[in-house]
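S.K.: After the structure tokens below, expect a handful of questions from me.
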Amino acid sequence: QAKMAGKGRYRIFEPAMREAAQIRLDLEHELRRAVANHEFCVYYQPIIHLPSGRLVGFEALVRWRHPTRGILLPAAFLHVAEEAGLNDSIGWQVLEQVCQQLVVWRRLNPRAAALSVSVNLSARQVMQPNLYDRLMQLLAQYQVPPTALKLELTESTFMEYSHDVAALLNRLREQGIQIAIDDFGVGYSSLSYLVQLPIDQIKIDRNFIVQLESKQHSQAIVNTIVNLAHNLNLEVVAEGVETQGQLDWIRAVGCQYGQGYLIGLPLTADEATQMVQTIELYGD
Ligand code: C2E
Ligand code: MG
Ligand code: MG
Ligand code: MG
Numbered sequence: 416q417a418k419m420a421g422k423g424r425y426r427i428f429e430p431a432m433r434e435a436a437q438i439r440l441d442l443e444h445e446l447r448r449a450v451a452n453h454e455f456c457v458y459y460q461p462i463i464h465l466p467s468g469r470l471v472g473f474e475a476l477v478r479w480r481h482p483t484r485g486i487l488l489p490a491a492f493l494h495v496a497e498e499a500g501l502n503d504s505i506g507w508q509v510l511e512q513v514c515q516q517l518v519v520w521r522r523l524n525p526r527a528a529a530l531s532v533s534v535n536l537s538a539r540q541v542m543q544p545n546l547y548d549r550l551m552q553l554l555a556q557y558q559v560p561p562t563a564l565k566l567e568l569t570e571s572t573f574m575e576y577s578h579d580v581a582a583l584l585n586r587l588r589e590q591g592i593q594i595a596i597d598d599f600g601v602g603y604s605s606l607s608y609l610v611q612l613p614i615d616q617i618k619i620d621r622n623f624i625v626q627l628e629s630k631q632h633s634q635a636i637v638n639t640i641v642n643l644a645h646n647l648n649l650e651v652v653a654e655g656v657e658t659q660g661q662l663d664w665i666r667a668v669g670c671q672y673g674q675g676y677l678i679g680l681p682l683t684a685d686e687a688t689q690m691v692q693t694i695e696l697y698g699d
């Protein structure tokens with residue numbers, strides 16, 4: 416009887432499960448092709464120095480220029496790419512494009528030397544034993560100074576590989592590459608641990624910014640993170656600024672840098688280039 420019931424249940428779920436597995440396999444297959452064909456591109460979201468309103472740099476955000484489905488966001492593919500072990504290849508394509516872009520901007524506008532680009536790294540990328548050497552090689556190849564590059568790691572990446580990560584980050588920072596903690600505040604790690612890490616910048620997670628105008632505890636958290644950053648001599652960026660009220664609020668608590676749809680949408684490389692040529696840059 417039990418066997419029959421079990422069999423029956425299985426039969427009901429089988430088609431749906433098979434379909435899901437097939438979709439995933441197709442996506443994985445497509446992703447492999449996309450890596451080989453260099454179908455990934457980078458969008459650049461402006462980061463602004465709040466007191467002056469000037470551009471300090473961009474965050475590099477990967478997009479998949481899918482041959483039939485258009486521009487796909489990371490949420491549509493990055494998870495499967497990570498599981499399929501393709502994130503590292505995609506990550507290097509992103510880093511290479513960022514270096515090429517930095518070279519273009521520096522040629523077009525000497526003042527662009529002050530700009531930096533922040534690149535997100537997955538845990539798997541950080542774990543690659545040759546990350547340091549390959550990065551240095553890439554920067555040397557394009558003659559991009561390490562100070563033009565920031566690397567964004569999430570709290571969980573720091574936590575999972577804490578021991579080796581700290582040593583790696585120290586070496587990168589000795590070269591001038593800056594390190595940011597992305598999505599700060601949503602993880603479960605202790606503050607005292609996080610602030611001991613060799614980092615330069617804290618990016619306050621968008622969730623706290625979204626709730627700034629409605630939830631008092633979010634105001635307290637943002638205020639605390641900004642003060643903490645100042646006391647530790649770390650840069651602090653508010654992510655996901657969408658409204659004037661949020662912008663006023665983060666300015667009022669002394670947050671140095673801002674990023675979000677209100678400040679600037681993620682731009683194509685051409686649009687970002689336009690911006691680099693026309694707006695006032697930080698450090699001028
Ligand atoms: P993230 O690093 O926290 O990047 C910020 C995300 O928030 C981006 O989404 C950006 O478009 C979005 N965003 C910016 N301002 C606003 C706003 O005002 N409102 C809202 N609702 N969203 C805003 P995106 O580009 O879809 O990227 C999502 C995540 O994918 C990133 O989160 C990052 O974790 C990951 N990612 C993106 N590019 C790369 C990459 O090259 N490598 C790796 N490993 N991960 C990447
Ligand atoms: Mg990021
Ligand atoms: Mg973030
Ligand atoms: Mg985020």
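UniProt numbering numbers the first residue of the sequence shown as 416 and each following residue consecutively.
A virtual CB, placed ideally from N, CA and C, is assigned to each residue, including glycine.
(1) Looking only at its own chain, which residues have a Cβ that is under 6 Å from the Cβ of Glu567, when we skip the five neighbours before and after it?
(2) Would you decide whether Glu675 is buried or exposed? Buried here means 16 or more other CB atoms lie within 10 Å of its CB.
(3) In whole angstroms, give me the CA-to-CA distance for Leu609 and Glu570.
(4) Report whether the distance from the Cβ of Asn585 to the nearest heavy atom of ligand 2 is below 6 Å.
(5) Round the Cβ separation of Lys618 and Phe599 to the nearest angstrom and send it over; I've been treating them as touching at under 8 Å.
(6) For my contact list, Leu523 and Gln692 are in at a C-beta cut-off of 8 Å; report their separation, rounded to the angstrom.
(7) To the nearest angstrom, report how far apart Asn638 and Pro561 are at their CA atoms.
(8) Once you ignore the five residues that flank Lys418 on each side, which residues in its own chain have a CB closer than 7 Å to its CB?
(9) May I ask you to list the residues that DSSP assigns as paired with Ile694?
(10) With a 10 Å radius around its C-beta and 16 neighbouring C-beta atoms as the bar for buried, classify Arg478 as buried or exposed.
(11) If you follow the beta strand (DSSP E) that Glu567 is part of, which residue opens it and which one closes it?
(12) Smallest Cα separation from Asp579: which of Ala538, Ala667, Leu564 and Ile592?
(13) Using C-beta distances below 8 Å, list every residue in its chain close to Ala496, excluding the 5 sequence neighbours before and after it, in chain order.
(14) What are the boundary residues of the beta strand (DSSP E) that Gly472 is part of?
(15) So what's Tyr459 in DSSP terms, helix, strand or just coil?
(16) What I want to know is whether the C-beta of Glu570 ends up closer than 6 Å to one or more non-hydrogen atoms of ligand 1.
(17) Considering Gly485, what are the terminal residues of the beta strand (DSSP E) in which it resides?
(18) Checking 7 Å against the spacing of the C-beta atoms, do Leu677 and Glu657 come in under that value?
(19) Starting from Val513 and walking both ways along the beta strand (DSSP E), at which residues does that stretch end?
(20) Is the beta carbon of Ala529 sitting closer than 7 Å to the one on Gly698?
(21) Am I right that Ile614 and Glu654 are in contact with their C-beta atoms under 8 Å? What's the rounded C-beta distance?
(22) With a threshold of 6 Å, establish whether the CB of Lys618 neighbours any heavy atom of ligand 3.
(23) So, helix, strand or coil for Glu434, using DSSP?
M.R.: According to the structure shown:
(1) Ser533, Asn535, Ala595 and Asp597
(2) In the sequence as displayed, the identity of residue 675 is Gly instead of Glu. Result: buried.
(3) 8 Å
(4) no
(5) 6 Å
(6) Between Gln692 and Leu523 the Cβ distance is about 6 Å, and since that is below 8 Å, they are a contact.
(7) 31 Å
(8) With a pLDDT of 47 at Lys418, under the threshold of 50, the modelled position of that residue is not reliable, and no figure is offered here.
(9) In the DSSP output, where bridge partners are listed per residue, Ile694 has none listed.
(10) buried
(11) Leu564 to Thr569
(12) If you compare the alpha carbons of Ala538, Ala667, Leu564 and Ile592 with that of Asp579, the shortest gap goes to Ala538.
(13) Leu446, Asn502 and Ile505
(14) Arg469 to His481
(15) strand
(16) no
(17) Per DSSP, Gly485 belongs to the beta strand (DSSP E) from Gly485 to Leu487.
(18) yes
(19) Premise fails: Val513 lies in the alpha helix (DSSP H), Asn502 to Leu523, not in any beta strand (DSSP E).
(20) yes
(21) Actually they are not in contact, since the Cβ atoms of Ile614 and Glu654 sit about 16 Å apart, beyond 8 Å.
(22) yes
(23) helix
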